[in-house]
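**Q**
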Amino acid sequence: MPGTARHDREMAIQAKKDLSKTTDLIERLRLQCLAKGSAGIKGLGRVFQIMDNNNSRTLDFKEFVKGLNNYAMMIDKEEAQRIFQMFDKDGSGTIDFDEFLLKLRPPMSKARKEIIMQAFKKLDKTGDGVITIEDLRRVYDAKHHPKYQNGEWTEDQVFKAFLDNFDSPYDNDGKVS
């Protein structure tokens, strides 16, 4: 079994064990997501995007509960209400689901942050704290991509698909910071 698959399985098992030990509502929701695997929180985000009919990147309580239910989260309505209120700081009756998902993610370890900073510095050729498309173009080699190798895509198409991993449709500025 590859290391990442084993790690994913072990993380899910540990999350299920830890779930019975915590009373913190946000931690319980986080652990339920992680019990679905490493992509559990991302999956909840996808469900929330589907619930967001008007593309506002916010959810009202009804959408929030429906999303939790659709993703099979074991949270009762009262607990969902308390979680929702923790994030509805201005009392508007909506929560920003990007903020919600950021808070739901487990904190990054110091070692992981250091690795990310090393990679960022390597890509930030100008040292200005921003990775531009040109910075990435200098270090990304599309020739090893299977779709380039089989002739299905050009180098530019492979590079664009690579870039699409970084920009969100809501912040399409062409920069990674």
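The opening residue of the sequence shown carries number 1 in UniProt numbering; numbering runs sequentially from there.
All residues carry an ideal CB built from backbone N, CA and C; glycine is no exception.
Since this is a predicted model, take the numbers as computed values, not measurements.
1) Any chance you could list the alpha helix (DSSP H) runs of at least 4 consecutive residues sitting entirely within the UniProt domain "EF-hand" (39-74), in chain order?
2) Go to aspartate 96, then tell me how far its beta strand (DSSP E) extends in each direction, as first and last residue.
3) Count the other CB atoms within 10 Å of the CB of glutamate 63; is the residue buried (16 or more) or exposed (fewer)?
4) Starting from the Cα of isoleucine 83, find the closest Cα among Phe100, Asn70, Ile131 and Glu134 and give me that residue.
5) To the nearest angstrom, how far is it from the Cα of threonine 154 to the Cα of arginine 137?
6) Hey, how far is the Cα of lysine 143 from the Cα of glutamine 149?
7) Per DSSP, what kind of secondary structure is lysine 113 in: helix, strand or coil?
8) Around the Cβ of isoleucine 41, are there at least 16 other Cβ atoms within 10 angstroms (buried) or fewer (exposed)?
9) Where does residue 183 land, buried or exposed, given buried means 16+ other C-beta within 10 angstroms?
10) Does the beta-carbon of methionine 51 have 16 or more other beta-carbons within 10 angstroms, so that it is buried, or is it exposed?
11) Please identify the residue among Tyr71, Ile95 and Asn70 whose C-alpha is closest to the C-alpha of glutamine 81.
12) Report, in whole angstroms, the separation of the C-beta atoms of threonine 22 and leucine 31, which I expect to be a contact under 8 Å.
**A** So, from the data block:
1) 40-51 and 61-70
2) Here residue 96 corresponds to residue number 96 of the sequence shown, with the count starting at 1. Per DSSP, aspartate 96 belongs to the beta strand (DSSP E) from 94-96.
3) Taking the first residue of the sequence shown as 1, we reach residue 63 at position 63. When all chains shown are included, glutamate 63 counts as buried.
4) Here residue 83 is taken as the residue at index 83 of the sequence shown, counted from 1. Taking only the C-alpha atoms, the option nearest isoleucine 83 is Phe100.
5) By 1-based counting over the sequence shown, the position of residue 154 is 154. By 1-based counting over the sequence shown, the position of residue 137 is 137. Going by the C-alpha atoms only, they are around 14 Å apart.
6) Indexing the sequence shown from 1 puts residue 143 at position 143. Indexing the sequence shown from 1 puts residue 149 at position 149. One C-alpha to the other measures close to 7 Å.
7) As a working mapping, residue 113 is identified with position 113 in the sequence shown. The answer is helix: DSSP assigns lysine 113 an H, G or I state.
8) In the sequence shown, the residue the question calls residue 41 occupies position 41. Per the 10 Å Cβ criterion, buried.
9) A query on residue 183 cannot be resolved here, the shown segment of the chain reaching from 1 to 177 and no further.
10) Indexing the sequence shown from 1 puts residue 51 at position 51. Buried: at least 16 other Cβ atoms inside 10 Å.
11) On the sequence shown, position 81 is the one that residue 81 refers to. Taking only the C-alpha atoms, the option nearest glutamine 81 is Ile95.
12) Reading the sequence shown from its first residue, position 22 is the one you call residue 22. Reading the sequence shown from its first residue, position 31 is the one you call residue 31. Yes, threonine 22 and leucine 31 are in contact; Cβ-Cβ is about 7 Å, under 8 Å.
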